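Engineer:
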Amino acid sequence: MFSAKPILLPGWRVMILAAGFGTRLKPLTERLPKPLVPIAGLPMLALSLNRLRKLKPRILVVNGHHLSAQLAAFLEQSVYGFQQTEYLYEPLILDTGGAIRNASRYLRGPFFVTTNADIVSDIPLLEAVAQHLKRRSLVTMLLHDRERYNQVEVDSGGRIRGFGRFRAASGNRILAYTGIQICSPLLLDLMAREKSGCPFSLITFYRRLLAAGRDDIVSHVVDMQNEYYWRDVGTPDDLVAIEHDLVQNAGLAARLGVV
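So in the working numbering, spot 62 of the sequence shown is number 798, and the numbers just go up one at a time.
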């Protein structure tokens, strides 16, 4: 997911969105929260933490709901070298937008990153951060071309124009969200208008911003035909596929933070 080189701008923050039930991974998630389902003998969440710590974020935030005590205990007992770790239990799942709004007090810095807990990837972050800061974007969503997931319309200038499965306007492309984004703290100010403690979807919120005329929600397109790896861990078949990939590719384990 992230390059091993440190981000030079200090004070940045990261949030791992981890509050889902993992319904499609039953029966594993009947006894484990989805982020603790093992991959190559390590909890899925550990893979993200192993890579993130190399970039030295100022604050790590993780939210949770299902089997929350296990997730909280894992974070409390784990030693990953983060300067500050905050676990936010959600009595009511707040969805992606509500979760970020709920964590806003910890996310104010030069920028913050959010990543879904159920993706396994080594997509590098530094180039996307540099683009985000240069363009002074509100949000930079990391996208790639995955037919199964393609739902984000992007124009020729890299600006995001819509979400959903539809025919793109002339000259535009439909791509897939990787589950990783870089955000300006201004996003938190806009989210503050939403009612505290109420669930709302990040994508629905972005749709409203686009409808209001914002053009600073942009893309950073990752060429997945290159050496980068990405897989959504939604089903038992996805777990089997990742284990197969690790066996077939000797260097993948180190890149994914497994070793």
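C-beta atoms are modelled at their ideal positions from N, C-alpha and C, and glycine is treated no differently. No experiment lies behind these values; they were computed from the predicted model shown.
Using alpha carbons as the reference points, say which of LEU830, VAL994, PHE847, GLY894 lies closest to LEU938.
Structural biologist: By 1-based counting over the sequence shown, the position of residue 938 is 202. Residue LEU830 is the option with its Cα nearest to LEU938.
Engineer: Run through the DSSP bridge pairs and tell me what SER932 is partnered with.
Structural biologist: As a position in the sequence shown, residue 932 is number 196, starting the count at 1. None, per the DSSP bridge assignment.
Engineer: Under a three-way DSSP split, which group does GLU826 fall into?
Structural biologist: Numbered from 1 along the sequence shown, position 90 holds the residue referred to as residue 826. Three-state result, GLU826: coil.
Engineer: Based on Cα-Cα distance, which residue from ASP968, GLY970, GLY933, ALA989 lies nearest to PRO827?
Structural biologist: Sequence index remark: in the sequence shown, residue 827 carries index 91 (1-based). Measuring from the Cα of PRO827, the nearest candidate turns out to be GLY933.
Engineer: Leaving aside the five residues before and after TYR942 along the sequence, list all residues of the same chain whose C-beta is less than 8 Å from its C-beta, in chain order.
Structural biologist: Locating residue 942 in the sequence shown gives position 206, where the first residue counts as 1. Within the same chain, TYR942 has close Cβ partners VAL875, ILE896, PHE899, ILE953.
Engineer: According to DSSP, is GLU686 part of a helix, a strand, or is it coil?
Structural biologist: The structure shown does not extend to residue 686, since the chain is modelled only from 737 to 995, so the question has no answer here.
Engineer: Using a 10 Å radius around the Cβ and a threshold of 16 neighbouring Cβ atoms, would you call HIS801 buried or exposed?
Structural biologist: On the sequence shown, residue 801 is found 65 positions in, with the first residue counted as 1. So HIS801 counts as buried.
Engineer: Taking the alpha carbon of GLY845 as the point to measure from, which residue in TRP748, VAL957, ARG991 has its own alpha carbon closest?
Structural biologist: Translated into positions along the sequence shown, residue 845 becomes position 109. Considering only alpha carbons, the answer is TRP748.
Engineer: Per DSSP, what kind of secondary structure is THR851 in: helix, strand or coil?
Structural biologist: For this step, residue 851 is matched to residue 115 along the sequence shown. Strand at THR851.
Engineer: If you drop the 5 nearest sequence neighbours on each side, which residues of the same chain put their C-beta closer than 6 Å to that of ASP891?
Structural biologist: For this step, residue 891 is matched to residue 155 along the sequence shown. Once the five neighbours on either side are set aside, the close Cβ partners of ASP891 are ARG897, ASN908.
Engineer: Starting from the C-beta of PRO771, find all residues in its chain whose C-beta is less than 7 Å away, skip the five residues before and the five after it, and write them out in chain order.
Structural biologist: Translated into positions along the sequence shown, residue 771 becomes position 35. Hits under 7 Å: ALA754, PRO779, MET780, LEU781, LEU807, ALA853.
Engineer: Return the CA-CA distance between GLU963 and LYS931, expressed in angstroms with no decimal places.
Structural biologist: On the sequence shown, position 227 is the one that residue 963 refers to. On the sequence shown, position 195 is the one that residue 931 refers to. Going by the C-alpha atoms only, they are around 42 Å apart.
Engineer: Mind pulling the alpha helix (DSSP H) runs of 4 or more residues that sit fully within the region 850 to 931?
Structural biologist: Counting only runs of 4 or more, we get 862 to 871, 922 to 927.
Engineer: Check for me: the beta strand (DSSP E) holding ALA749 runs from which residue to which?
Structural biologist: Taking the first residue of the sequence shown as position 1, residue 749 is located at position 13. The amino acid occupying residue 749 in the given sequence is Arg; Ala does not appear at that position. From DSSP, the beta strand (DSSP E) with ARG749 extends over 749 to 753.
Engineer: Pop quiz: TYR842 and ILE795 are said to be a contact at Cβ under 8 Å. What is the actual Cβ separation, rounded to whole angstroms?
Structural biologist: In the sequence shown, the residue the question calls residue 842 occupies position 106. In the sequence shown, the residue the question calls residue 795 occupies position 59. Indeed they touch by this definition, with Cβ atoms about 5 Å apart.
Engineer: Considering only residues of the same chain and omitting the five flanking positions on each side of GLY894, which have a CB-CB separation below 7 Å?
Structural biologist: Here residue 894 corresponds to residue number 158 of the sequence shown, with the count starting at 1. Excluding positions up to five away in sequence, the list reads VAL954, SER955.
Engineer: Measuring only the C-alpha atoms, how far is LEU702 from ILE859?
Structural biologist: This structure cannot settle anything about residue 702, because the visible part of the chain is limited to 737 through 995.
Engineer: Starting from ASN799, follow the beta strand (DSSP E) in both directions and report where the run begins and ends.
Structural biologist: Counting from one through the sequence shown, the residue named residue 799 turns up at place 63. Segment 795 to 800, the beta strand (DSSP E) holding ASN799.
Engineer: Applying the criterion that 16 or more other CB atoms from any shown protein chain within 10 Å of the CB defines a buried residue, is ARG872 buried or exposed?
Structural biologist: Here residue 872 refers to the residue found at position 136 of the sequence shown. Counting Cβ neighbours within 10 Å, ARG872 comes out exposed, since fewer than 16 surround it.
Engineer: Taking the CB atoms as reference points, tell me whether HIS880 and VAL958 lie closer together than 8 Å.
Structural biologist: Locating residue 880 in the sequence shown gives position 144, counting from the first residue. Locating residue 958 in the sequence shown gives position 222, counting from the first residue. Cβ distance < 8 Å, so HIS880 and VAL958 count as in contact.
Engineer: LEU879 CB to nearest chain C CB: under 8 Å?
Structural biologist: Chain labels in this structure do not include chain C; a single protein chain is all it has.
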